[in-house]
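The sequence shown begins at 40 in this note's numbering and counts up by one. C-beta atoms are modelled at their ideal positions from N, C-alpha and C, and glycine is treated no differently. Data first, discussion second: the structure below is written as structure tokens.
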Amino acid sequence: MKIFEEELQARLASLREQQLYRELRIVDSAQGPHIRVAGKSFLNFSSNDYLGLANEPALKAAACAAVERYGAGAGASRLICGSLAPHHELENALAEFKGTEAALSFSTGYAASLGTIAALAGKDDVVVIDKLVHASIVDAARLSGAKLRIFAHNDLADLEHILKWADTRLDKTGSAGSRPHVLVITESVFSMDGDHAPLREVVELKERFGAWLMVDEAHATGLYGTNRRGLVEALGLGGRIEVQMGTLGKALGACGGYICGTRTLIDWLVNQARSFIFSTAPVPAAAAAATAGVRLVMSPLGEARRSGLWQRVSELTSGLTPALSGWQSAIVPLIVGDESKALEAAATLREGGLFVPAIRYPTVARGSARLRVTLSAAHTSSEVMQLLAALKRLNLDRREVESHA
Ligand SMILES: *Cc1c(COP(=O)(O)O)cnc(C)c1O
Numbered sequence: 040m041k042i043f044e045e046e047l048q049a050r051l052a053s054l055r056e057q058q059l060y061r062e063l064r065i066v067d068s069a070q071g072p073h074i075r076v077a078g079k080s081f082l083n084f085s086s087n088d089y090l091g092l093a094n095e096p097a098l099k100a101a102a103c104a105a106v107e108r109y110g111a112g113a114g115a116s117r118l119i120c121g122s123l124a125p126h127h128e129l130e131n132a133l134a135e136f137k138g139t140e141a142a143l144s145f146s147t148g149y150a151a152s153l154g155t156i157a158a159l160a161g162k163d164d165v166v167v168i169d170k171l172v173h174a175s176i177v178d179a180a181r182l183s184g185a186k187l188r189i190f191a192h193n194d195l196a197d198l199e200h201i202l203k204w205a206d207t208r209l210d211k212t213g214s215a216g217s218r219p220h221v222l223v224i225t226e227s228v229f230s231m232d233g234d235h236a237p238l239r240e241v242v243e244l245k246e247r248f249g250a251w252l253m254v255d256e257a258h259a260t261g262l263y264g265t266n267r268r269g270l271v272e273a274l275g276l277g278g279r280i281e282v283q284m285g286t287l288g289k290a291l292g293a294c295g296g297y298i299c300g301t302r303t304l305i306d307w308l309v310n311q312a313r314s315f316i317f318s319t320a321p322v323p324a325a326a327a328a329a330t331a332g333v334r335l336v337m338s339p340l341g342e343a344r345r346s347g348l349w350q351r352v353s354e355l356t357s358g359l360t361p362a363l364s365g366w367q368s369a370i371v372p373l374i375v376g377d378e379s380k381a382l383e384a385a386a387t388l389r390e391g392g393l394f395v396p397a398i399r400y401p402t403v404a405r406g407s408a409r410l411r412v413t414l415s416a417a418h419t420s421s422e423v424m425q426l427l428a429a430l431k432r433l434n435l436d437r438r439e440v441e442s443h444a
């Protein structure tokens with residue numbers, strides 16, 4: 040025991056030295072533009088609650104009603120006796136929202152990545168991912184046992200190069216039983232940079248090489264396209280992408296992950312996705328809140344929230360130096376570079392009552408630490424102006440060119 044403790048303490052000390060130590064802060068309020076942390080109130084620019092639904096009355100009421108009718112716990116995994124009506128209602132709502140044949144919900148987005156990717160790719164296959172995809176996708180790709188190839192962020196020439204390589208490789212190994220496949224995975228809107236993937240071109244490439252494509256819309260669901268389905272809808276690509284993934288815990292205001300696609304894909308995942316099969320179903324309250332979130336996003340109120348969010352985004356980005364015009368993301372990264380400088384900037388903002396997280400390695404590359412500002416439809420104009428004023432006072436309103444990464 041003693042050696043175990045000493046070893047872990049030494050490892051923690053090393054994290055502290057590198058400015059990479061992390062700790063939890065107790066938030067003693069509901070999510071929203073104002074949160075109370077350790078007894079103090081802050082203006083919050085750190086959550087992914089882009090449409091302000093996390094504390095929305097309709098979602099809370101749905102969760103309460105589900106508890107009253109179905110109880111607090113789910114009892115078992117979905118395939119045993121935990122596949123409660125609220126889970127099915129959620130999946131029907133998701134398929135209708137996204138315009139797909141079927142949908143499957145998972146307890147988290149992390150579990151959706153893990154289960155889906157490992158169910159679709161195995162040791163004879165190749166998984167090709169963008170350099171900046173979420174950790175859940177990287178972990179899943181490793182877990183799958185497939186050969187993993189990483190293309191430079193949004194670099195189509197690099198992706199094409201890898202697909203060409205995979206093509207020749209698969210021809211050689213395509214011998215026994217099932218044919219090996221290439222699965223390309225990217226996000227539509229990147230979580231730490233807020234930029235968009237060139238999805239049209241990625242789709243064209245994967246079609247040219249006969250590869251499969253999975254797109255993670257965690258930061259796009261609810262925000263883009265006529266029906267607010269995501270960037271895939273905005274670009275008219277819905278019918279050409281094999282696997283559409285997203286989370287229920289960001290703009291949709293609840294918690295969980297989902298996969299949308301054909302009935303066949305969903306049937307395969309029910310049979311093969313281990314994070315789905317070997318895990319207790321989400322509690323009824325979570326499923327019901329997510330369904331209410333989906334319904335709200337589909338409604339005229341969802342459209343009003345979205346347009347409010349884009350107004351806030353334009354207010355913030357036009358006040359940066361130089362102004363960022365046409366920025367199409369609720370995520371606005373202010374690259375600081377150095378880890379300790381980013382921590383210092385976040386601490387100074389906190390002293391002034393503003394909660395903006397410093398994002399460091401391993402979430403982003405070493406030396407590309409940043410303040411990650413996220414906006415919500417629940418912010419007011421004057422709150423955005425308060426943030427801008429504080430950034431200007433600290434000389435943080437300058438968007439560094441992202442040459443650190
Ligand atoms: C948040 C996120 C996930 C994980 O979803 P959780 O529901 O938080 O587990 C997956 N992919 C991306 C891009 C994310 O931002």
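Alpha-carbon spacing of residue i relative to residue j, whole angstroms
i, j, result
"L340", "H220", "42 Å"
"E354", "V254", "29 Å"
"C299", "T387", "42 Å"
"Q485", "H235", "Shown here, the chain extends from 40 to 444; a query on residue 485 therefore has no answer."
"E226", "H173", "8 Å"
"G358", "K186", "45 Å"
"A250", "G285", "21 Å"
"L393", "L363", "22 Å"
"S152", "S175", "6 Å"
"A157", "K79", "43 Å"
"G406", "L123", "46 Å"
"D164", "A100", "45 Å"
"A102", "R313", "27 Å"
"G391", "L47", "35 Å"
"R437", "M424", "15 Å"
"H418", "E342", "16 Å"
"K203", "E45", "49 Å"
"E272", "V228", "13 Å"
"L53", "V403", "Just to set this straight, residue 53 is Ser in the shown sequence, not Leu. Roughly 19 Å separates the two Cα atoms."
"S61", "E246", "Correcting the residue type first, residue 61 is Arg in the shown sequence and not Ser. Each residue's Cα considered, the two are about 42 Å apart."
Proximity below 8 Å, CB of residue i to CB of residue j
i, j, result
"G148", "G296", "yes"
"D88", "R75", "no"
"A331", "A97", "yes"
"D206", "F248", "yes"
"L276", "E256", "no"
"L222", "A160", "yes"
"V336", "G261", "yes"
"R293", "V106", "Residue identity differs from the one stated: residue 293 is Ala in this sequence, not Arg. No, Cβ-Cβ distance for A293 and V106 is not below 8 Å."
"A63", "E378", "With the sequence shown as reference, residue 63 is identified as Leu, and Ala is not the correct amino acid for it. Going by C-beta atoms, L63 is not nearer than 8 Å to E378."
"A369", "L433", "no"
"P125", "E422", "no"
"S282", "A132", "First, the residue type needs correcting, since residue 282 is Val and not Ser in the sequence shown. No."
"V167", "F190", "yes"
"A111", "V322", "yes"
"G138", "R268", "yes"
Buried or exposed by the 16-neighbour rule on C-beta atoms within 10 Å, applied to residue i
i, result
"T155", "buried"
"I280", "buried"
"R344", "buried"
"M231", "buried"
"I201", "buried"
"R188", "buried"
"A49", "exposed"
"I42", "exposed"
"A86", "Inspection of the sequence shows that residue 86 is occupied by Ser rather than by Ala. Buried, because 16 or more other Cβ atoms sit within 10 Å of the Cβ of S86."
"L252", "buried"
"P401", "exposed"
Close-in-space but distant-in-sequence residues of the same chain around residue i (CB under 7 Å, 5 per side omitted)
i, result
"L118", "I316"
"H192", "D169, K170 and L171"
"T319", "A113, A115, S116 and G121"
"L430", "D436"
Neighbourhood of residue i by C-beta distance below 8 Å, restricted to the same chain and skipping five residues each side
i, result
"Q350", "S420"
"L410", "P372, L373, V375, A381, A384, A385, L388, V395, P396, A397, I398 and L435"
"L426", "L82, F84, L355, L393, V395 and V412"
"L308", "L143, G154, T155, A158, I298 and F315"
"M233", "What sits at residue 233 in the sequence shown is Gly, not Met. Correct list, in chain order: H258, W366, S368, A369, I370, V371 and P372."
"L195", "P237, E240, V241 and L244"
"I65", "V76 and A77"
"A266", "The question names Ala, but residue 266 is Asn in the sequence shown. Excluding residues within five positions, the ones whose Cβ falls inside 8 Å are F136, G138, E272 and M337."
"A180", "I156, A160, V166, I168, L187 and I224"
Close Cβ partners of residue i (< 6 Å) along its chain, the five nearest in sequence each way excluded
i, result
"A141", "A134, R302 and I305"
"V412", "F84, V371 and V395"
"L129", "S144, A326, A329 and T330"
"L274", "L238 and R239"
"A416", "L90, G91, R344, G347 and L348"
"A69", "N94"
"Q311", "A158"
"L209", "P219"
C-beta neighbour in chain C for residue i, strict 8 Å
i, result
"V412", "Within the model displayed, chain C is absent; a lone protein chain is all it includes."
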